[in-house]
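Engineer:
Residue numbers (the numbering used here): 464 to 712.
(1) I think residue 610 touches residue 553, with their Cβ atoms under 8 Å apart; what is that distance to the nearest whole Å?
(2) From what residue to what residue does the alpha helix (DSSP H) around residue 542 run?
(3) Is the number of C-beta pairs between the stretch 599-617 and the stretch 555-566 that are closer than 8 Å three or more?
(4) Should residue 633 be labelled buried (16 or more other beta-carbon atoms within 10 Å of its own) or exposed?
(5) What residue range is occupied by the uninterrupted alpha helix (DSSP H) comprising residue 532?
(6) Following the continuous alpha helix (DSSP H) through residue 498, name the residue where it begins and the one where it ends.
(7) Assuming contact is defined by CB atoms lying nearer than 8 Å, are residue 506 and residue 600 in contact in what I supplied?
(8) In angstroms, rounded to a whole number, what distance separates the CA positions of residue 604 and residue 544?
(9) Look at the alpha carbon of residue 540 and the alpha carbon of residue 531, and state the distance between them as a whole number of angstroms.
(10) Output the residue ranges of the beta strand (DSSP E) runs that lie fully inside the stretch 593-650 and measure 3 residues or longer, sorted by chain position.
(11) How many angstroms separate the CA atom of residue 622 from the CA atom of residue 508?
(12) Determine the DSSP secondary structure at residue 549, reduced to helix, strand or coil.
(13) At which residues does the beta strand (DSSP E) containing residue 519 begin and terminate?
(14) Whose C-alpha, out of 522, 635, 636 and 560, is nearest the C-alpha of residue 602?
(15) Return yes when the Cβ of residue 503 is within less than 8 Å of the Cβ of residue 726, no when it is not.
(16) Could you check the C-alpha separation between residue 637 and residue 521 for me, to the nearest Å?
(17) In whole angstroms, give me the CA-to-CA distance for residue 519 and residue 548.
(18) Answer yes or no: does any C-beta atom of chain E fall closer than 8 Å to that of residue 537?
(19) Is residue 478 buried or exposed, if buried means 16 or more other CB atoms sit within 10 Å of its CB?
(20) Could you give the distance in angstroms between the alpha-carbon of residue 535 and the alpha-carbon of residue 590?
(21) Could you compute how far the alpha carbon of residue 512 sits from the alpha carbon of residue 625?
(22) Under 7 Å Cβ to Cβ from residue 500, same chain only, skipping five residues before and after it: list those, please.
(23) Within the same chain, show all residues whose beta-carbon is closer than 8 Å to that of residue 607, passing over the 5 residues directly before and after it, in chain order.
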């Protein structure tokens with residue numbers, strides 16, 4: 464039922480203001496809601512981690528929170544939550560740092576390809592190793608470049624294109640970076656063909672995946688890598704996993 468008093472503002476102006484308010488709220492939340500949405504997994508219980516926030520002293524703080532904790536209470540999982548802004552910055556800064564360390568990536572490729580089931584039984588040429596390490600470097604450097612200069616939507620898209628999954632535990636984080644990119648498939652297929660011709664018993668077109676684990680401990684600048692390899696059936700469908708300390712989060 465319409466009121467009898469003359470409105471202070473027109474209905475059109477009111478609706479326009481409401482729409483603008485909703486748009487501003489949406490823009491404020493988009494960075495926290497969507498940058499790593501559906502990518503973060505709990506390494507303790509295996510659940511997905513959802514976006515949440517708390518309001519303290521007139522300020523809103525954003526987190527990624529274990530869904531098991533949301534549904535069953537804080538005692539359901541020991542991981543609970545992690546600060547979204549710190550996590551996102553931590554991931555980007557570490558991937559950018561690694562992308563600039565060509566010698567580090569080449570050493571990981573050298574060791575990992577030699578324990579891969581695909582490469583077992585023959586020796587890879589230096590050219591093959593160089594191609595593979597350069598691919599990893601190229602993917603990470605392009606991600607860092609696109610992330611820096613992109614709009615918020617572009618940051619979201621490039622993150623989802625580059626990162627397959629983020630696995631959090633209480634003290635560490637595994638970032639699985641996809642090396643499958645349509646713009647890079649020719650490079651990947653070339654490496655797959657080289658490996659496929661040489662490997663004994665390897666499936667056609669199989670490409671080794673690389674898992675790079677680095678542990679960054681407080682007051683110890685050196686990283687201690689460990690290695691694990693996997694095999695995927697399609698050329699270009701492989702990933703690399705960067706593991707880092709989360710003590711600061």
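Here a beta-carbon is modelled for each residue, glycine too, at the ideal position from N, C-alpha and C. Here the structure is a predicted model, which is why all the values come from computation and not from measurement.
Structural biologist: In short:
(1) Not quite, the Cβ-Cβ distance comes to about 13 Å (not below 8 Å), so this is no contact.
(2) Element bounds for residue 542: n/a, residue is neither H nor E.
(3) yes
(4) exposed
(5) 530-535
(6) That residue, residue 498, is in no alpha helix (DSSP H); it is neither H nor E in DSSP.
(7) no
(8) 29 Å
(9) 7 Å
(10) 626-631 and 635-641
(11) 24 Å
(12) helix
(13) 512-519
(14) 560
(15) No statement about residue 726 is possible, as the shown extent of the chain runs from 464 to 712 and does not include it.
(16) 33 Å
(17) 16 Å
(18) Absent from the structure: chain E. Only one protein chain is present.
(19) exposed
(20) 53 Å
(21) 19 Å
(22) 514
(23) 555, 558, 559 and 562
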